[in-house]
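Number of protein chains: 2
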Amino acid sequence: MITLSIDAMGGDFGLDATVPAALDIIDRHPQIGLILVGDARRIEARLAAAGARRRRRLEVVNAEQVVGMDEAPATALRKKKNSSMRVAINLVKDGRADACVSSGNTGALLATARFVLKTIPGIDRPAICASLPRMDGHTYVLDLGANVDSPPAILLQFGLMGSLLINCLEGVANPSVGLLNIGVEDIKGNDTIKAAAQLFKRSSLNYVGYIEANDIYAGNTDLVVCDGFVGNVALKATEGAAQMIMGAIGEEFTRNAATRGAGLLAKPVLASIRRRLDHRRYNGASLLGLKGSVVKSHGAADATGFRYAVEVGIKEVNKNLVSNIENALTDLPDSDTLPA
Amino acid sequence: MITLSIDAMGGDFGLDATVPAALDIIDRHPQIGLILVGDARRIEARLAAAGARRRRRLEVVNAEQVVGMDEAPATALRKKKNSSMRVAINLVKDGRADACVSSGNTGALLATARFVLKTIPGIDRPAICASLPRMDGHTYVLDLGANVDSPPAILLQFGLMGSLLINCLEGVANPSVGLLNIGVEDIKGNDTIKAAAQLFKRSSLNYVGYIEANDIYAGNTDLVVCDGFVGNVALKATEGAAQMIMGAIGEEFTRNAATRGAGLLAKPVLASIRRRLDHRRYNGASLLGLKGSVVKSHGAADATGFRYAVEVGIKEVNKNLVSNIENALTDLPDSDTLPA
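Top to bottom, those sequences are chains W and Z.
Take the first sequence: its letters are residues 182 to 521, numbered as in our numbering.
Take the second sequence: its letters are residues 182 to 521, numbered as in our numbering.
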């Protein structure tokens, strides 16, 4: 049986999201066990309310502290050794759980996971990989913010890890990989990206060349590789633009009686647009490069969103993602011998 | 009288956009003269069709070549010495025009403007600054792609030039300036951005601190400064996401008879959303740091869009943007003495 540890206290909704999601997962997956980590008294109360029958395969481990959503990673590491996040990750380290899922603050989760689980040899810090929606599916992007100033050899590691993740989550045998650049011609970009392109061309990856940021949402590249600074900007620019557009739509439909009437009729249509763009359906960012599976759920995820993040963790374990990554990186030339 | 040179052949629409825009500008601005540069025979034919009365303040200069939209900058520089783009920029160099506006290919325009007009001392290559729409106005961002790997001292130059541009185009006395980063805390970002923050704090700029990419569309920062690689990614991610969302809206409204009915009623509302997001209203990116005003219009700009770009050029000249930038940069400590 596969077991996942759940940071039950993390995120904006805490137990309101994690407990219903956990119950849902138990109902859907007869072979999965979950360990809910956090305030045991409160968790037990929630579970009791849900009925004893549903307690099978659900364990509770007490943790007295909670990492705040704005808490500095260093503080969380030093002063929250009994936080729900830390204890949930410890369970993976101790082999009691196969993967950990948390909606807690990203910086603290990265720092704690790196400190407790350690990174795979050759990896300095875990990369964050998530999928973004496009018209006909979704595109995976990494790194989304954990690594700034990534040299070419690190970008190649991102490409390998991301390809294996897509293989595991989507069943795609040989995902297409693009390097994010500011143009598609060979002369475009900075020295890092040009050197990375040479490494990608010589690698075993299904490398398709440079892609521009708009192609994240249009093209048919399965994976887009970039430095964490750039990836984070792309992600947040997208979120900001989407929010602005949906806000403008709301404003225009409530402008006067006629537009409000049109808005009423358009309601189901607008709802299905929102559903298509719903970040909950794409929830669950993978921290790649650790000696263990850790999935970061969006802080604002509700029970549905959190369940998607747990599903990501289940797939990673089922497909042995961590050992696949370890093997792939062992086959790589030592990053010290590659151009920095 | 202020005179602007117009690359009449540039962009996807060429004369179909530039000639009507020029006529419109002449009608709106009694003190402005324009020089249309390109295939004189074809331009004259268009002007004749518009009536002789409208020929006042409109000069035509022949140029036999056209720079292709995908042509390499180096090729354009070497082999297109009589292109409409090159001749239009030459007119600024020779003092016959006060500013130049082109929808031509960005790389060629940057290279040609830099070669012909030269940059202001201390500036290596011109930066591209444009405004992006937000709910309650727009935010200027630079650099949008001309400079990759910009060190802190160059980012400070961007801040100064962008502030002066906003002052000139919007009449804002002391525009607020943010540095694009992947978080707002001091520990976030790479070494370049941290060193830049120190320079910005000590500068005369109205520096408000780090801002994240989503705040480009939400916040109330007048100017966002970033490296050209990062800015270009933010811009294109936004374009891609907006296109995807508007595409999804179109798809949902044409799904079946009921949604098509709702779509008919929602049509005026959707049109006003598109109008709000219409990039034509924000057309006209300024190439900053040159010894002359050059405005880049979007390649896909129609006559309305192109007119907005010409208006940007007119304002730059009216407010002496180039000499204001020259003065501000002279007052800066030598960039060699600043941390790289």
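Heads up, the beta-carbon is just placed ideally off N, CA and C, and yes, glycines get one too.
| Asked | Found |
| --- | --- |
| Roughly how far, in whole angstroms, is the beta-carbon of W:Val406 from the beta-carbon of W:Leu360, given that I think they are within contact range, below 8 Å? | 5 Å |
| Does the Cβ of W:Pro211 have 16 or more other Cβ atoms within 10 Å, making it buried, or fewer, making it exposed? | exposed |
| Who are the near neighbours of W:Ile183 in its chain, counting only those whose CB is closer than 6 Å to its CB and skipping five residues on each side? | Ile213, Asp279, Val498 |
| Please classify Z:Thr511 as buried or exposed, where buried requires at least 16 neighbouring CB atoms within 10 angstroms. | exposed |
| Which residues in chain B sit within 8 Å of W:Leu458, going by Cβ to Cβ distance? | Looking at the structure shown, chain B is missing, and the protein chains on hand are W and Z. |
| Using only the alpha-carbon positions, how far apart do W:Gly195 and W:Pro201 sit? | 11 Å |
| From this set, Z:Ile426, Z:Val365, Z:Gly442, Z:Pro356, which residue's C-alpha is nearest Z:Asp403's C-alpha? | Z:Pro356 |
| What does DSSP give as the partner residue(s) for W:Leu361 in the beta ladder? | W:Ile392 |
| Report all residues from its chain with a CB closer than 7 Å to the CB of W:Val411; omit the five preceding and five following residues, and keep chain order. | Leu361 |
| Whole angstroms is fine: what's the gap from W:Gly442's alpha carbon to Z:His479's? | 36 Å |
| With a Cβ-Cβ cutoff of 8 Å, do Z:Leu313 and Z:Pro254 count as a contact? | no |
| Do three or more CB pairs link the segment 263-282 of chain Z to the segment 383-403 of chain W at distances below 8 Å? | no |
| Does any C-beta atom of chain W lie closer than 8 Å to the C-beta of Z:Val411? | yes |
| If the cut is a Cβ gap below 8 Å, which residues of chain Z does W:Leu371 touch? | The sequence shown places Asn at residue 371 of chain W, not Leu. The answer, in chain order, is Val329, Asp330, Phe410. |
| Less than 8 Å between CB atoms is the rule here; does Z:Ser384 satisfy it with respect to chain W? | no |
| Buried or exposed: which applies to Z:Met190, given that a residue is buried once 16 or more other Cβ atoms fall within 10 Å of its Cβ? | buried |
| Between which two residues does the alpha helix (DSSP H) harbouring Z:Val242 extend? | Unbroken run through Z:Val242 is the beta strand (DSSP E), 239-243; no alpha helix (DSSP H). |
| Going by beta carbon distance, what residues of the same chain come within less than 7 Å of W:Pro520, once the five residues before and after it are set aside? | Per-residue confidence for W:Pro520 stands at a pLDDT of 49, beneath the threshold of 50, marking its modelled position as unreliable; the derived number appears in the next sentence. Result list for W:Pro520: Pro333, Ala376, in chain order. |
| Any beta carbon of chain Z sitting closer than 8 Å to that of W:Asp193? | no |
| Give the C-beta separation of Z:Leu325 and Z:Cys310 to the nearest angstrom, bearing in mind that I take them to be a contact with Cβ-Cβ under 8 Å. | 7 Å |
| According to DSSP, is W:Asn387 part of a helix, a strand, or is it coil? | strand |
| Just list the beta strand (DSSP E) runs in the segment 252-317 of chain Z, keeping only unbroken ones of 3 residues or longer that don't cross its boundaries, in chain order. | 280-283, 308-315 |
| Between Z:Asn271 and the rest of its own chain, which residues show a CB-CB distance below 8 Å, the 5 nearest in sequence each way excluded? | Val297 |
| Going by the CB atoms, is the gap between W:Tyr463 and Z:Gln424 shorter than 8 Å? | no |
| Is Z:Arg383 near the ligand NAP, in the sense that its beta carbon is under 7 Å from a heavy atom of that ligand? | What this structure holds is no ligand at all, so the ligand NAP is not there to describe. |
| Kindly indicate the opening and closing residues of the alpha helix (DSSP H) around W:Thr402. | W:Thr402 -> no alpha helix (DSSP H), and no H or E assigned at all. |
| For W:Leu361, return the contacting residues in chain Z, with the cut-off set at a CB-CB distance below 8 Å. | Val414 |
| If distances are taken between C-alpha atoms only, which option among Z:Asp483, Z:Ile430, Z:Gly470, Z:Gly486 comes closest to Z:Asn505? | Z:Gly470 |
| Could you tell me which of W:Val450, W:Thr199, W:Glu433, W:Asn437 sits nearest to Z:Ala439, measuring between CA atoms? | W:Val450 |
| Helix, strand or coil: which one does DSSP assign to W:Leu217? | strand |
| If contacts are defined as beta-carbon pairs under 8 Å, then W:Leu458 and Z:Ile426 qualify, I think. What distance do you get, rounded to the angstrom? | 7 Å |
| Hey, how far is the Cα of Z:Val414 from the Cα of Z:Lys477? | 18 Å |
| Under the DSSP definition of a beta bridge, which residues are partnered with Z:Ile183? | Z:Ile213 |
| By the 10 Å Cβ neighbour count, where 16 or more other Cβ atoms means buried, how is W:Ile187 classified, buried or exposed? | buried |
| Please confirm if the segment 337-344 of chain W is in contact with the segment 361-372 of chain W, defined as three or more CB-CB distances below 8 Å between the two stretches. | no |
| Is it right to say W:Glu420 is buried, meaning 16 or more other beta carbons lie within 10 angstroms of its own, or is it exposed? | buried |
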